[in-house]
Every structure is written in C-alpha cells, then in structure tokens.
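K.L.:
Before we start, here is the structure in question, set down as structure tokens.
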Amino acid sequence: MLLEAVILTCNSHIKQDRTIAATYHVLTGKRSIQTLQDAHLYALESFFGTAKSLDKQVFDKKVDQLARENLLRQTAPSVYQVSSQGEEWLKHHSQQLPMAYFNGLACHEAGNLFAKRLLLLVQTLTNSQNNHFSFIPVVDHQDAENWVRQFYQANRFQENKLLPQLYKELYHLLKRFSDREAGMFVDRLTGYKNYGMSRFQLAEKYSLPEADVPLYLLAITHQMLTLLEEENTKYRVLTYIRSDLQQSPMLTNSAAITQRLLHQGNTISQIAAKRRLKENTIYDHVVEIALYDANFPTEHFMDRNTHLEIIHAINQKKTQKLKQLKEAVHDEISYFQIRLVLARTNRIKK
Amino acid sequence: MTEQVLEHQLKKYFAYDSFRPGQKEIIRNVLKGENVLGILPTGSGKSICYQLPARILPGITVVVSPLISLMMDQVKQLRATGFKEVVALNSFMDPAERKRVMNHLDAYKLIYISPELLQKAKILDSFKKQIISLLTVDEAHCISQWGHEFRPDYLKLDRVKRQLGNPPVLALSATATPEVQQDIVQHLAMNGCVRHVYPMDRENLSFLVQEAADDQAKQAMISEIAAEFHVPILIYFSSRNDAQEVASALADKLPDRRIAFYHGGMEQLDRISVQQQFMNSQLDLICCTSAFGMGIDKSDIRLVIHYHLPPQLESFIQEIGRAGRDGRRSVSLLLFSPKDMMLPKSFIQHELPHPKSIFTVFRQLKELFLAGGDLPHKEEETAQLFQLNEIQWRFLRQQLEKHGMIKGNRIFYNEAGWDDHCQAIKRQRDEREWLKESKLREMLEWIQEKGCLRRNLYKNFQASYRSVEKQCCSNCGFSFADWDPQPTARQEEASGSWEIKLKELLLS
Ligand SMILES: [Zn+2]
C-alpha cells in the first residue's frame with residue numbers, strides 16, 4: 000500500500016505535465032538534470048531515490064493495476080492523472096502511512112550508509128561483548144566495514160559503556176515512532192547468535208506486501224536522521240555515526256566542476272571550450288546549480304525585463320510547461336532563460 | 000609431517016578436533032607435492048583439503064572455482080576465523096579493487112579465482128611471477144563433456160597449468176562417475192596421480208519417491224509432513240518464483256513454523272540473514288533454489304524435499320547430501336507430478352541454441368564480416384543480435400572460438416571451412432542435447448524404479464554400496480510412519496514487545 004501511495008502522490012504532483020516515466024525516474028533517483036529538476040519543480044524532493052531498486056516491470060505492473068482500480072486515469076499514451084477516487088484513496092490512507100518521513104533528496108546517500116553502519120555496529124558490538132569474533136557480517140559493504148572497524152578500534156577500551164549508551168539512544172529514538180515501526184526496525188537488527196529478519200519475513204509478520212518493506216525501512220531511517228539532526232545533543236553515538244555523511248543535496252560531479260569554473264569568472268562558452276563539452280550541457284549544469292544555490296546570480300544570464308516577462312508568463316499561463324511558456328514570451332528569450340527562472344521560482348517557493 | 004602435527008594445525012586454524020574421512024589422507028599427499036584426485040561426497044569438508052595446505056605450504060594456493068557466491072562465502076568464513084591472507088578474484092569485482100589485489104598477489108596465501116579470469120593474459124602473467132605451491136581445481140567434473148555441468152572454460156586449464164610451471168594439482172569433486180574421473184586426470188595431465196575416491200552412498204538417508212497429481216497436491220503433502228515433523232527442512236525448487244510462492248503458502252498454513260525462502264536474486268543482506276538464521280536454528284524450513292546450500296555446514300538438516308524433478312542424478316545426490324551430516328537418520332523425499340516430466344526437457348532447449356538458429360548465426364556472421372563489422376563488445380548485446388539467450392550464446396561462442404571463427408569480438412571468415420564448421424558445431428550441439436537428455440532419462444528411470452532406490456541411485460557412480468536393513472527406501476517398505484526423528488527444541492517465543500527485544504538484543 001505504501002508503494003501505491005508513493006506512486007499516486009508523485010503522480011498527483013506531476014499532474015499531466017510528464018509521462019509516467021518521470022515518476023519512475025524520481026523514485027529510482029535517476030541522476031539526470033531532468034529528473035532533479037522535476038523533483039524540485041513538483042516538490043517531490045522527499046521521494047527522490049526512495050525506491051532505488053524498483054524494477055521497471057514491477058513499476059509498470061503497479062501502474063496498470065492502479066489504472067484498473069480506477070485510482071489512476073490514463074489521459075494520453077503514458078500519461079496518467081490521479082482520479083478523484085485516487086485522491087480520496089490517498090487522503091484516506093496517507094494518515095497511517097509514514098509518508099512524511101521520507102527525505103529522499105537530502106538523505107539520498109546518507110540514509111543508506113547510516114543504516115548499514117548501524118546494523119553492522121550493533122552486530123559487531125553484541126558479538127564482541129560475548130567474546131565471539133568469528134561471525135558472518137550481515138552487511139557486505141566496504142565503507143560500512145571500514146567505518147565500523149575504525150570506530151571499534153577507537154572505542155575498544157570503553158566497549159562496556161558503548162552498548163548501554165547505544166541501547167539508551169535507540170530506545171529513546173524509537174519511542175518517537177509507532178510501535179509497529181519500531182518493531183520492524185528492531186526485527187531487522189542482528190545481534191549475537193540472533194540474525195535479523197529478511198524482507199519476506201518482515202512482510203509476513205507485519206502483513207505487508209513485500210515491495211512495501213524496503214520503503215518502510217527507508218522511511219524509518221530518514222525520519223531517524225531528521226530527528227537526529229534536530230536533537231543531536233541527546234544522541235551521542237547515533238549522531239556520531241552520521242556525522243561525516245553528507246546530508247545536503249549533491250550536484251552531479253560534472254555540474255560541480257562547472258560551478259567551480261563559474262565562480263572563477265568563466266563564461267558559458269569558455270567553460271564549454273575548456274571542458275570540451277557542448278554549450279547546451281553547460282546550460283543544463285547552470286540550471287542544476289540554480290536549483291540548489293540560494294544565492295545564484297540569475298541577473299548574470301538575463302536582464303530585469305526578461306526576468307519579469309517570464310514570471311508574468313508563468314503566472315498568467317498557470318503552467319510550468321516549457322513549450323507553452325516559450326510561446327508566451329518574446330522570441331529572443333531562450334529556453335535556458337525560462338528554465339533558469341523556473342528553477343529560481345521553485346527554490347523561492349520552498 | 001606427523002599425524003599429530005597435522006591434527007594440531009587443524010585445531011589451531013579451524014578449531015576442529017579431528018579430520019573427517021578422507022581429509023587427512025588427501026592433505027598428506029598434497030603436502031608431499033603429489034597430484035591428487037579427491038572425490039568426496041558433499042558435506043565431507045572438501046575445502047579443508049586445500050585450506051589447511053594453503054596455510055602450511057610456502058607459496059600461494061590457487062583455487063579455481065566456478066561458483067562465485069561460494070567463493071565469497073568461504074573468504075568471509077576464513078576471514079572471520081582470522082585467516083586474512085585470502086581473497087577471491089572474479090569478474091564482478093570492482094576494477095580498482097581487483098587491480099589493487101593483482102599488484103599485491105604475494106600478500107596472499109590462498110586465492111580463489113574463476114576459470115574465465117585465470118585465462119586472461121594479463122592476469123595469468125601476474126600469476127606467472129608468483130610461486131604457486133598448489134593449483135586446486137574445485138568442481139573438477141566441469142572439465143568433462145560427460146559431466147553434468149560441463150564448462151568450456153575448464154578445458155583451457157591444462158594450458159594454464161603449463162604456463163604456471165606445472166604446479167601440483169588437487170582436483171576435487173563430489174560427484175564424478177568413473178569416466179568423468181578419467182577425463183579429469185587425463186585432461187589436467189596429472190602424472191602419477193594419487194586417487195582418493197570415497198563412496199557417496201549414505202547409510203543414514205532414507206529415500207522416498209512420491210507421485211502427486213499437481214502442485215496443489217504437492218503443497219498439501221508438504222504442509223502435512225512439516226506439521227507432523229518439527230525438524231529442520233530444506234525444499235528445493237527449480238524456479239525462484241515457485242520457491243517464493245510456496246514459502247508464502249506454507250507460512251499461511253503453518254503459522255507456528257518459521258519459514259523463509261532463499262534464491263540468488265535476493266539482496267545480499269537478506270541472503271546472509273536467511274542463511275545464518277537457518278544455521279542458527281532460528282528457522283525451521285527453507286524453500287530454495289540450487290543456489291542455497293553450497294558452503295553451508297548445518298549438521299542437523301533432517302529432511303530434504305525436491306519439489307521439482309532435478310535435471311540429473313548428480314545434482315540430486317549433491318542436494319540430498321546436505322541432510323543428516325551428523326549421522327542421524329534423515330529423509331530425502333522427491334515429489335513429481337505427470338506434468339513435471341516435461342519441465343526439464345524445456346530447460347535443455349533453453350540451454351542449447353536451436354539447430355536452425357545455428358544456421359542463421361552463420362549467415363549473419365558472414366554478412367557482418369563482408370560488411371567489415373565486428374561483434375558488439377558486450378556479450379548480452381551479441382546474444383540479442385543473434386536472438387539467443389545468454390546461455391545459448393555462451394555455448395555457441397565457445398564453439399566458434401574453437402574453430403577459429405571468432406577471436407574476441409573479431410570475425411575470421413574463411414570460405415573453404417565455413418560449411419564444415421557449421422556442421423561440426425551442429426553435431427556438437429546435438430551431442431550435448433543427447434547427453435543432457437540421457438541424464439534426464441536416468442533421473443526419470445530412477446523415479447519409476449521398482450527395485451531398491453538406494454541400489455539404483457548409486458550404481459552409475461561406484462561399484463558397490465552399503466545396504467541398509469531398515470528404513471531403506473519407499474520401494475523397500477519405508478514410509479514416514481516408520482520415522483521418528485527428534486523434534487527441534489521449542490524455542491522461547493520472541494513475541495514480546497520491541498522494547499523487550501531491543502533490550503535482549505543489545506544488553507544480554
Ligand atoms: Zn531400498
């Protein structure tokens with residue numbers, strides 16, 4: 000039900016502006032300018048990358064099923080609209096679903112790593128507490144392993160204090176969740192001679208469809224990170240686990256390089272020449288930078304009148320569609336300038 | 000090295016008190032630098048035969064294995080016991096990580112590697128610079144065309160061996176008929192080879208073969224049996240989907256049994272937890288594919304059920320070999336329904352290219368060559384180009400390479416030999432099909448056997464078997480009514496609140 004709710008929510012934000020593929024790309028966290036821009040444009044930042052391993056076929060099947068149940072209505076090839084029945088369904092069910100926990104774009108990488116480190120840390124500490132050092136780690140991830148090893152080495156001498164502290168923190172943190180959510184999280188943990196549950200087992204125990212389980216676990220992780228950020232002084236160990244994880248949205252690598260060159264005072268065509276890239280690619284980067292950078296100097300790329308004209312068109316046409324906007328403004332105004340203004344207005348709205 | 004010293008080493012490195020049958024004998028010959036063929040039944044601790052020498056021998060022990068997940072499991076287990084100079088090289092590794100390992104090969108004592116990787120010129124060159132004390136060929140039956148899992152890559156191991164300066168070879172397998180054994184020794188040029196062949200028949204296993212009308216009837220039978228016998232159970236399936244679906248159905252019918260499924264398509268964390276839960280007696284029953292069980296050493300599995308007909312006796316014998324390793328009476332139950340008879344046949348068709356598509360590929364290759372083109376770099380793209388699945392293309396590629404028609408992704412057209420090659424490859428294909436079908440026929444004959452199932456199961460593999468007086472097989476009068484295994488001890492139900500569970504997990 001959570002997967003359905005997430006798909007419907009995304010689609011109801013996107014309306015009929017994009018094909019259903021846009022929803023899929025947001026959910027799987029596709030790192031393309033278009034998808035990042037969509038995430039901002041339609042206020043779907045929190046769902047970005049929340050179903051990373053969602054199979055395209057599974058997704059398509061889900062969409063078909065939602066259409067058959069009249070929750071989605073197909074309006075054009077690959078374009079869907081959430082029906083009034085669908086909106087009703089969302090309103091009715093969202094209450095008991097952890098929709099508000101998601102913080103996809105901000106926790107994109109951090110959430111994943113935080114969960115892995117925590118799982119491995121609990122397994123390592125509980126086993127070493129029992130003088131058992133030959134256990135099979137449940138997490139097979141180089142960064143998580145390195146981090147836990149370093150942490151363990153550095154804290155070996157106060158080992159007996161660590162577990163009670165970690166217990167206390169987890170207890171208090173989990174108290175902020177529903178019993179069902181806390182139960183799911185605890186059942187997933189592996190300790191000494193006690194291995195955590197698989198997705199299938201969690202699905203059985205909590206009567207969930209299997210596809211919902213990873214979404215629940217991710218939602219809980221994201222909410223944990225949010226709570227930890229708000230009240231970091233209360234949670235020493237847990238805060239430490241996430242302290243070196245970047246929790247701000249990241250630019251794609253290529254856009255970051257463009258940003259650096261822009262700051263050094265290069266023009267678009269200079270950057271394109273230096274990097275042997277097309278100017279259009281650099282324009283894409285600039286739009287991406289504008290989405291993140293609150294102090295982005297839009298005035299470098301258009302005069303005041305152009306800016307006002309585009310804003311006027313957006314307000315009057317009540318649309319975010321590029322093509323319609325382009326038709327509504329003077330011919331000299333470029334697609335790039337319109338996209339830039341859209342990026343800015345979406346930032347300001349937040 | 001005296002026996003006492005060997006036993007001391009076993010205790011020191013692996014925490015076992017004594018060797019299992021065959022291990023010490025094989026290790027002694029290996030340490031003397033002899034070529035050794037070891038045929039040890041599943042579950043007899045084959046891996047100790049090279050893991051212990053790897054710690055003792057001065058140079059590197061190279062283990063060729065086709066089973067990537069098994070390699071990874073073993074590396075993990077060895078690292079967990081403190082043996083850190085061990086690594087697994089395979090094509091799925093991160094390239095940077097692989098490069099790092101390749102530049103420091105001498106830092107390792109035991110290196111697992113997949114056969115296709117060991118043939119790469121660059122990699123072989125790095126190995127040539129090292130002292131190789133032992134070349135272990137695991138699953139050695141893959142070398143033989145007569146084996147149930149023939150792998151073309153294995154055929155090139157003789158060349159690899161020569162290039163490595165002819166180190167002593169240890170060839171290991173759990174299921175190899177006498178003719179396959181002969182193929183192994185001959186192909187790897189194992190001069191003066193010492194053979195250790197241990198019988199694979201298991202006195203403590205009872206055999207049941209039962210017909211069921213359809214899937215529903217099978218599931219009803221299984222849930223009845225699982226309800227009556229509360230013991231560790233493994234159920235093998237030939238498809239991931241079925242394993243998953245039956246696990247769900249059984250979980251609904253048997254709420255007081257702890258049930259899970261396992262297959263190669265699951266995410267890593269889930270695979271490790273399910274495997275370890277079963278080892279740890281947190282689970283009663285697992286529905287799995289053949290991906291499960293390799294490298295798993297659980298001694299008290301009481302019942303192994305085959306939900307689908309295995310494609311040949313070899314894999315069946317391996318899979319039932321996971322039951323009753325502690326020597327206690329355990330049961331193998333094979334279920335079949337009339338429609339199952341056709342299922343393995345379609346698998347065979349799935350694994351081999353259709354004769355017609357061989358002709359088509361030949362025509363396409365010629366056209367491509369004349370147009371000055373190459374094959375795509377990616378295997379899956381090439382397979383798609385020829386409208387074959389990847390298993391079919393792998394077979395054909397190996398054949399085309401053998402006849403010098405392709406090298407890498409380049410095509411070498413020679414008009415004179417073209418048609419002959421095509422006929423030869425078609426014959427090869429028909430031979431493989433015939434072999435696979437005859438393996439399947441053996442399996443089908445066995446389930447329809449009226450005589451003792453035990454005698455007829457092992458007759459192709461060894462000269463004799465140990466007969467069993469009581470509880471032999473369904474044809475000798477054995478049924479579940481005669482079976483009285485000790486039930487799994489009732490675990491305390493961890494049904495408390497999450498608060499209690501968290502406290503127990505972290506603070507006890
Ligand atoms: Zn019998």
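Just so you know, the sequences run in chain order C and S. Sequential numbering of the first sequence, starting at 0, is according to numbering that gives the first Met the number 0. Sequential numbering of the second sequence, starting at 0, is according to numbering that gives the first Met the number 0. Heads up, the beta-carbon is just placed ideally off N, CA and C, and yes, glycines get one too. None of these values were measured; they are calculated from a predicted model.
(1) With 16 as the cutoff for other CB atoms within 10 Å, does Leu369 of chain S come out buried or exposed?
(2) Consult DSSP for Asn193 of chain C and reduce its assignment to one of helix, strand or coil.
(3) I need the residues with a C-beta less than 6 angstroms from some heavy atom of ligand 1; please give them in chain order.
(4) For a contact meaning CB atoms closer than 7 angstroms, what does Asn279 of chain S contact in chain C?
(5) Compute the Euclidean distance between the alpha carbons of Arg275 of chain C and Gly264 of chain C, then round it to the nearest angstrom.
(6) How long is the line joining the alpha carbons of Gly416 of chain S and Met404 of chain S, rounded to whole angstroms?
(7) Considering Ile59 of chain S, what are the terminal residues of the alpha helix (DSSP H) in which it resides?
(8) Quick one: grab the DSSP three-state call for Leu302 of chain S.
(9) Classify Ile499 of chain S as buried or exposed, calling it buried when 16 or more other Cβ atoms lie within 10 Å of its own Cβ.
(10) Just the chain S side, please: which residues come within less than 8 angstroms of Gly298 of chain C by C-beta, in chain order?
(11) Below 8 angstroms between beta carbons: does that hold for Gln8 of chain S and Gly58 of chain S?
(12) Alpha carbons only, please: which of S:Asp339, S:Pro151 and S:Asn455 is nearest the one belonging to Lys401 of chain S?
(13) With 8 angstroms set as the bound, which would you pick, yes or no: does the beta-carbon of Thr80 of chain S sit closer than that to a beta-carbon of chain C?
(14) By Cβ distance below 7 angstroms, which residues in the same chain neighbour Pro65 of chain S in space, the five residues on each side in sequence not counted?
(15) With a threshold of 8 angstroms between beta carbons, is Asp142 of chain C in contact with chain S?
(16) Using DSSP bridges, identify the partner residues of Thr135 of chain S.
(17) So what does DSSP say about Arg97 of chain S, is it helix, strand or coil?
(18) Mind listing, in chain order, the continuous beta strand (DSSP E) runs of no fewer than 3 residues lying wholly within the segment 3 to 87 of chain S?
(19) Distance cutoff 8 angstroms, beta carbons only. Does Asp283 of chain S sit that close to anything in chain C?
(20) Using the three-state DSSP reduction, which class does Lys406 of chain S fall into: helix, strand or coil?
(21) Considering only C-alpha positions, which residue in the set C:Val78, C:Lys60 and C:Arg67 is nearest to Ile13 of chain C?
(22) Would you kindly report the start and end of the unbroken alpha helix (DSSP H) that includes Ile240 of chain C?
(23) From the DSSP output, in three-state form, read off Ile110 of chain S for me.
(24) Using 8 angstroms as the limit for Cβ to Cβ distance, is Trp392 of chain S near chain C?
(25) With three or more beta-carbon pairs closer than 8 angstroms as the criterion, would you say the segment 215 to 226 of chain C touches the segment 174 to 192 of chain C?
(26) Report, in whole angstroms, the separation of the C-beta atoms of Val121 of chain C and Gly190 of chain C, which I expect to be a contact under 8 angstroms.
(27) For the beta strand (DSSP E) that contains Ser466 of chain S, what are its first and last residues?
(28) Per DSSP, which one or two residues make a beta bridge with Tyr100 of chain C?
(29) So, Gln185 of chain S versus Lys155 of chain S, is the Cβ gap smaller than 8 angstroms?
(30) By DSSP's criteria, Ala370 of chain S is part of a beta bridge. Which residues make up the other side?
(31) Pull out every residue of the segment 196 to 217 of chain C whose Cβ sits closer than 8 angstroms to any Cβ of chain S, in chain order.
(32) Could you name the residues of the same chain whose beta carbon sits closer than 6 angstroms to that of Gly103 of chain C, not counting the 5 residues immediately before and after it, in chain order?
(33) Can you tell me the Cα-Cα spacing of His509 of chain S and Asp186 of chain C, whole angstroms?
(34) Whole beta strand (DSSP E) runs in the segment 263 to 335 of chain S with 3 or more residues, listed along the chain?
(35) How is Cys451 of chain S classed by DSSP in three states: helix, strand or coil?
P.N.:
Let me spell this out:
(1) exposed
(2) strand
(3) S:Cys451, S:Leu452, S:Arg453, S:Cys471, S:Cys472, S:Asn474 and S:Cys475
(4) Lys192 and Tyr194
(5) 18 angstroms
(6) 10 angstroms
(7) Segment Ile59 to Val63 is the beta strand (DSSP E) holding Ile59 of chain S; no alpha helix (DSSP H) there.
(8) strand
(9) exposed
(10) The sequence as given places Glu at residue 298 of chain C; Gly does not occur at that position. Within chain S, no residue comes near Glu298 of chain C; the closest Cβ sits about 43 angstroms away, beyond 8 angstroms.
(11) no
(12) S:Pro151
(13) yes
(14) Ser113, Pro114, Glu138, Cys141 and Arg150
(15) no
(16) S:Val62 and S:Leu169
(17) helix
(18) 35 to 38 and 59 to 63
(19) no
(20) strand
(21) C:Val78
(22) Arg235 to Ser242
(23) strand
(24) no
(25) yes
(26) 6 angstroms
(27) Neither: Ser466 of chain S is in no beta strand (DSSP E) and is coded neither H nor E.
(28) Partner(s): none; Tyr100 of chain C has no beta bridge.
(29) no
(30) Note: Ala370 of chain S sits in no beta bridge, so no partner.
(31) Met196, Ser197, Arg198, Phe199, Gln200 and Glu203
(32) Ser45, Phe46, Phe47, Gly48 and Thr49
(33) Limits of chain S in this structure are 0 at one end and 507 at the other, which puts residue 509 of chain S out of reach.
(34) 284 to 287, 302 to 305 and 329 to 335
(35) coil
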